[in-house]
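Engineer:
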Amino acid sequence: MWLKPEEILLKNAFKLWVTEKDNDYFVLQRRRGYGEGGGGLTGLLVGTLDTVLDSTSKVAPYRILHHTPDSQVYWSIACGVSKEEIGQHWDWLQQNIMRTLSVFDSTEDVTSFVQGKIRGLIAEEGKSSLVLEDDPEKFREALLRFEKWFELPPQEKLVTYYSCSYWRGKVPCQGWLYLSTNFLCFYSYFLGSEVKLIISWDEIWRLEKTSNVILTESIHVLAHGDDHYFSMLLHLSETFVIMEQLASYSIKRLFDKEAFQGELSLCDPLQITKRGLEAHAKSEQFRSFFRLPKEENLLEVHESFLWVPFSHFNTLGKICLSENYICFASQDGSQCHIIIPMREVINVEKPDATSRALTVCVRGKRALRFSEVRDFQRLANTIRSRCGISASPQHSASSEAIRGECQSLINHFEDNPEDVTLMVGQKDNSKAVSTEALMTVFHPQDVENLDPKMLKEKMKEQSWNIHFSEYGRGTSMFFTRKTRDLIVRGVPESLRGELWMLFSGAVNDMATHPGYYGELVEQSLGTSTLATDEIERDLHRSLPEHPAFQSDTGISALRRVLTAYAYRNPKIGYCQAMNILTSVLLLYAKEEEAFWLLVAVCERMLPDYFNRRIIGALVDQAVFEDLIRENLPQLVEHMTDLSFFSSVSLSWFLTLFISVLPIESAVNVVDCFFYDGIKAILQLGLAVLDYNMEALITCSDDAEAVTILSRFFDSVTNRDSPLPPTVQQASSGSNDKARHVSVDISELIREAYEKYGHFRSEEVESSRRRNKLHVIQTLEDTTKQNVIRVVSQEVQFSGPQLDELYNLFKRQHFLSCYWTMESPALLHHDPSLAYLEQYQLGFQQFSELFSLLEPWAFCPSRSTLSLWVFRLIDENQDGLVNFKEFCSALDILYGGSFTNKLKFLFKLHLPPAFDLPEDGVIRKSPERGRGKVDLQAYLKQWQNEILKKEETIKDLPRINQAQFIQFSKTLYNIFHGDPEEESLYRAVAHVTSLLLRMEEVGRRLQEPSSLRAGSTASVEASLTEEETSDASSSPSSQDGAARQPEADWSFSFEQVLASLLNEPVIVGFFERPVHIQGKLGQARVAQLRLKANK
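Right under this line is the structure:
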C-alpha cells in the first residue's frame, strides 16, 4: 500500500527494522520479529508496540523508504502485509521510477518527484473506494491492519475503527475495535499474548451501554452466550450508535429481507460508510418525529428563530429540509413544531437585503417568519427551486404584484373549495368507493339535540375551532402543548377523522398519491390469495355489534380497504387485528382516508407489527416490561416473572386497546396514539396496571389477574360520548359493573399523561432498538429448537451435534448474503414459511459446507460428487436444500450401516442425481415469499411424507454401463489417501471383474462374442485408467465411455452389494466409525476462511 510520504530521521531506530533490499534511492525493510527467525524477545516487544501505536508504517511488517545518497533523511512511501505485496511495489519502482531519477541534477528535485508520484498514486487509488471517508489516509492505514489481522474476505467493507480496552475477566486488553458491514472485530497483542475476536452482527443477542464499580462506562455485547465488554473509548456514545446502526442494518437486511431501495447509502453492503449510516439514522429520526413518508430524507438543517404569533415571541429551533417538506421544531422546551409541505408554499420573501430572515407564505393567508438564519440566502433559493417559485432579480420589486396574485388565488379557493382537490391532482375515485365516514351515515348528528352530552360535544368543537384560529388548521398547523391537552380531553366526533389524518401524516400520503387507492381497488378486485381468504373469514368478526358492520355498506368498505392494502404490500398481506383497527378507522374517516391511515399505522407508526411473527409487538412488550421495572417496583417485587404481562398486553398493542375497551372509550385511546405514537399506549398500559395495583398484588395466580384486568376494562366508560346506546359497544361484563366502580376513559388517560408522560419518544426508540436484537434472536432460537426436535427423530446425531450443525447451516446461508443484495438464499428466505423451510442452501452454498463436513476425502471429483448429493437430497427439485435434507444425507454417511452407505452411493449414480446436466441449473424453481402460498401443494407434500414407505433394495433400478463405471471411479476417489489404499483398490478391481464375468456368463448365448469382448475390454480399460491416474468424472469421460460399443447389460444393487460383502477390507472401511465432532470443530474455524480464500 502506498503511503503519504512521511519523514523518518533514523533509518534503524532501536534496531526494529532489518534491511532486505536497497539501492541508491530506495530501501526495502522487514520488521524485526516477522518472517524468518521470529525475533525472540525483541519480536515480542515489537509486536506489542505494533498493536498499541496508531501508525501503519510502524505496524506493517514490510516497508519501503526513499532516500538520496547525500542525505540522512528518509521518507516512508510504501508498506505491505506480505512479502509478495511489498515486492510488487518494489518492482514497480524499479521499472517506472529508477530510470527517470537519473535525469535530475539535484537531490531536492529527486525527492520532490518521488513524493509527487506517490501522492498521485494514492489519489488515483482513493478516487473510488475511499472518497466518502472523512480521513482517507488514516482509513487506508486502518484498512491494512484490518485485512492483515482478521483475514476476512476481501469484499468485506470496513466502516470505522476505535482504540479501546477489551475485558477478559478482570484483565483489560488494550487494542483496536474494528466495525465492518458484517462483523465486529477486536485485536490486541501484548508481550506475545494475542487476542483476536470476530463476531458477526446477526449473532448478537444484546448490545447496550452499561456501568459498574470497575467500569464507569462500557459497551456490553452478548453473543454465543458469552459477554464481551469494551471500555476506555474516547467517543463511547458515537461508537455505540454506530454499533447499533450496523446491528440494525444487518437484522433488517438478513432477517427482514429489506433491500433499502432508494437509499443509495445502504443499498450496497460493499459501500457502507460511517457517514452514510449517520445520514440514514438522522433521516429515520426526522421521518419518525414529523410523521413523513418513507421517501423523505433529511437534506439540510438550519438553526433559526421562528416568530410564533399565538405567543408573540421568537422561539429558537431548527429548520429541517427534505425533498418535499419544510419542518421546524423548537429547542426551548415549548414543544412546538410545524410541518410545511412544499406544495403549500406560494412564495418566499426576504424583508430586506441586510436581514438574515426570510418569510415563507403558505396557502390559507398564512406566513411564517424565520430569523437569524445563518445561510438564509441559500435556504431561500433552495425552497424556491423546490417549490417552482421564480427567484429573478426583480423579485423584490414585483413582490406587491405577486402578493396580490396570491391573495386572489386564495380568495378563489375559499369561494370554490371543491377546486382544491383538483389543484393537488386528486382524481374522482371509483364510484364503488365510499366517500363518507360510516359514523356520519349510521349516526348523523342531530343539530337540534341539546342534551348535556351534545352540549359538551359542541363545547369541544368550539375549543378546537379556537385552537384552529390561533394555531392554524390543516397541514401547516402548529403542534404545541395545548394541542396535546385538547387531545387528552377528547376529540369531538366530527373532527376525529380530520385530526387522525393530520397527526399520522396520512394526509400527506394521500395528497401526493392522487387516485392511487382507486387504482388499487380496481386492480385487486377479484383476486384470490391466501390474504383475501383470511380477510373474507374475518370480515364479520370486525365490530359485529356496530350497526355499520351489520350492513353491506360497512362490510364492503372494509373488504376493499383490507384487500387493497394486501395488494399494495404483499410482504404484510393481511394479519389478524388489522380488521379491528380498520373498522374503527372507517367509522371516522372516508374510505380512502382509512386506507392511508392503515398505511401510516402498519408501515410507520407500528413497524413489524402486522406480520407472521409480530416482531414489532413483541419488541414493544419487552419495552413495556422495562418500563414496569422502572415505574412499578412494588408490582415487580410481587410478580417477579413479568412474562405474564407480555401475554396479557399483546392485544393491547396489536389493537390499540380496541379489543378490550368499549368502542366509545377506545377511540379516545386512538386519538392519543395518532398524536404521540406508541408512547401513548405504553403510558396507558402503565396507568392500567397502577390503577389495579392492589388487586394484582393480592391475586394468587395468573388466571385471577386476567379476571381482574378484564373486569376493569369492562368498567371503563366514556361519560362524554354522544353516541346512542345502539352504537355503543355492549360490555361483556355488564353484570359485574355494580360490583366494580366505573372509570372514565378521559380521567384514565389524563392520569397516564400526568404520572408516566415524563419519558420521551427518543427513549422509547432506543429501548426498541436494544430489545429488538433479543426478541429476534429468541425467535430464531425457538425456530432452531423446533427444527432440531423434528430432525432428531429421523437421525442419529445427538442434540448438541444437531445444534452445531444448525448453526453451521444457518451461518452458511448468511455467508451467501453478506456481500450482495441479490443472493438466491436471501431472496428465498421467508420467516412466514414453516420453520424447516426458513433457511435453505443453493448448490454453491451446499457444496462449500459439504466439503467441510464430508466424512471421506472425495479427491479430484469433490465438486461433481457434491452436485450429485445435492440433486439426490433435493427431493422437490426446487434448487434449494433445507436442514432436514442436509442432516439426513450426513446421517447416512456418518452413522449408516454398510448397506445404507452403499445404497446412498449407488443412488448418486442413478437419475435424477446422475443424469441431469452438469451445469447445476435447476429447471424448476417455485416462487416464495411473495404472498402466494400453494396450500394444496403443501398438503400433498405432507400427505406423501406420511404415506411414504421404507425404501427397500429391491426398489432400486439397475445401474447401466456408464453409471457403473462412474460408480467404480467414485469408490476409487473415496479410498484415496486411506492407509489401506492399495488393498482397497485391489478389492474394487476384483469386485468389478467378478461382476463383469457374472454378467458375461449370464448373456453368453444371447450376445455376439465380438460385442461382448469389446464391452468387457472397455470397462476394464476405463477402470485401469482411473486406478493409475485418478481421472475425474467429467462429462467428457462419461461421453467417452458411452462411445464404446454398447452392450445392453446392467447390474442390480443386490449384485453389487453381494460382491462387495465378499471383500472384508471394503466392509471394514465403510463400517469404521467416523466421528463428526472433530469435523464440526474444524468447520467452525474453516467456514469463514474458506469464503475468504474463494
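Mapping the sequence shown onto the numbering used here, position 71 (from 1) lands on 71, and the numbers just tick up by one. Beta carbons: idealized from backbone N, C-alpha and C, even for Gly.
So, is residue 226 buried or exposed, given that buried needs 16 or more other C-beta atoms within 10 angstroms?
Structural biologist: exposed
Engineer: From what residue to what residue does the alpha helix (DSSP H) around residue 548 run?
Structural biologist: Looking at the DSSP string, residue 548 is not in any alpha helix (DSSP H), and its letter there is neither H nor E.
Engineer: Going by C-alpha to C-alpha distance, which of 822, 966 and 955 sits closest to residue 254?
Structural biologist: Scanning 822, 966 and 955 for the CA closest to the CA of residue 254 turns up 822.
Engineer: May I ask you to verify whether the segment 294-304 touches the segment 482-496, counting CB pairs closer than 8 Å and requiring at least 3?
Structural biologist: no
Engineer: Just list the residues that DSSP pairs residue 175 with in beta bridges.
Structural biologist: 164
Engineer: Entirely within the segment 313-392 and at least 4 residues each: give me those alpha helix (DSSP H) ranges in chain order.
Structural biologist: 376-387
Engineer: Taking C-alpha atoms, which residue in 112, 113, 110 and 137 lies nearest to residue 123?
Structural biologist: Proximity to residue 123 across 112, 113, 110 and 137 peaks at 137, based on C-alpha coordinates.
Engineer: Taking C-alpha atoms, which residue in 837, 845, 630 and 8 lies nearest to residue 876?
Structural biologist: 837
Engineer: Work out the CA separation of residue 976 and residue 1039 for me, nearest whole Å.
Structural biologist: At residue 1039 the pLDDT is 42, less than 50, meaning the model places this residue with poor confidence and gives no usable figure here.
Engineer: What did DSSP end up calling residue 146 once you bin it into helix, strand or coil?
Structural biologist: Three-state result, residue 146: helix.
Engineer: On the premise that residue 613 lies in contact with residue 579, defined as a C-beta separation below 8 Å, what is that separation, rounded to the nearest angstrom?
Structural biologist: No, residue 579 and residue 613 are not in contact; Cβ-Cβ is about 19 Å, not under 8 Å.
Engineer: What's the call for residue 160, buried or exposed, on a 16-neighbour Cβ count within 10 Å?
Structural biologist: buried
Engineer: How is residue 610 classed by DSSP in three states: helix, strand or coil?
Structural biologist: coil
Engineer: Roughly how far, in whole angstroms, is the beta-carbon of residue 589 from the beta-carbon of residue 752, given that I think they are within contact range, below 8 Å?
Structural biologist: About 25 Å separates the two Cβ atoms, so there is no contact after all.
Engineer: Give the single residue among 493, 529, 462 and 479 whose Cα lies nearest to the Cα of residue 441.
Structural biologist: Ranking 493, 529, 462 and 479 by Cα distance to residue 441 puts 493 first.
Engineer: Mind pulling the alpha helix (DSSP H) runs of 4 or more residues that sit fully within the segment 673-710?
Structural biologist: 678-691 and 693-698
Engineer: In the DSSP output, what is residue 21 paired with across the bridge?
Structural biologist: 28
Engineer: Counting C-beta neighbours from all protein chains within 10 Å, is the total for residue 549 16 or more, i.e. buried, or is it exposed?
Structural biologist: buried
Engineer: For a test of the three-state rule: what should DSSP assign to residue 1169, helix, strand or coil?
Structural biologist: Not covered by the structure: residue 1169. The range shown for the chain is 1 to 1094.
Engineer: Should the segment 1051-1060 be called in touch with the segment 776-790, which here means at least 3 C-beta pairs below 8 Å?
Structural biologist: no
Engineer: Residue 894 lies in the alpha helix (DSSP H); which residues open and close that run?
Structural biologist: 883-895
Engineer: Could you tell me the distance, in whole angstroms, from the CA atom of residue 65 to the CA atom of residue 808?
Structural biologist: 46 Å
Engineer: Quick one: is residue 1043 buried, meaning 16 or more other Cβ sit within 10 Å of its Cβ, or exposed?
Structural biologist: For residue 1043, the predicted model reports a pLDDT of 41, less than 50, meaning its position is unreliable and no value from the coordinates is stated.
Engineer: With burial defined as no fewer than 16 other Cβ atoms inside 10 Å of the residue's Cβ, what is the status of residue 224: buried or exposed?
Structural biologist: Classification for residue 224: exposed.
Engineer: Start and end of the beta strand (DSSP E) containing residue 227?
Structural biologist: 226-231
Engineer: Quick check: what's the CA-CA separation for residue 1096 versus residue 107?
Structural biologist: Here the chain covers residues 1 to 1094 and nothing more, so residue 1096 does not appear.
Engineer: Kindly list the residues whose CB is nearer than 6 Å to the CB of residue 29, restricted to its own chain and excluding five residues on each side of it in sequence; keep chain order.
Structural biologist: Closer than 6 Å at the Cβ level, and outside the excluded window around residue 29, lie 17, 19 and 63.
Engineer: Do the CB positions of residue 190 and residue 150 come within less than 9 Å of each other?
Structural biologist: No; because the gap between Cβ atoms is not below 9 Å, this pair is not in contact.
Engineer: When the Cα atoms are used, what is the spatial distance from residue 563 to residue 532?
Structural biologist: Near 6 Å, if we compare the C-alpha coordinates of residue 532 and residue 563.
Engineer: When you compare only the Cα positions, how much space is there between residue 601 and residue 675?
Structural biologist: 12 Å
Engineer: Please return the same chain residues whose Cβ sits closer than 7 Å to the Cβ of residue 892, not counting the five positions on each side in sequence.
Structural biologist: Result list for residue 892: 900, 901 and 904, in chain order.
Engineer: What does a CB cutoff of less than 6 Å around residue 480 pick up in its chain, not counting 5 residues either side in sequence?
Structural biologist: 336
Engineer: Roughly how many angstroms lie between the CA atoms of residue 402 and residue 671, to the nearest whole one?
Structural biologist: Only weak support exists for where residue 402 lies, its pLDDT of 43 falling under 50; the coordinates are left without a value.
Engineer: Select from 117, 31 and 68 the residue whose C-alpha is nearest the C-alpha of residue 83.
Structural biologist: 31
Engineer: From residue 890 to residue 883, what distance separates their C-alpha atoms?
Structural biologist: Answer to the nearest angstrom: the Cα atoms are 11 Å apart.
Engineer: Measure how close the beta-carbons of residue 658 and residue 546 come, nearest whole angstrom, since I'm counting them as under 8 Å.
Structural biologist: 12 Å between Cβ atoms; not a contact.
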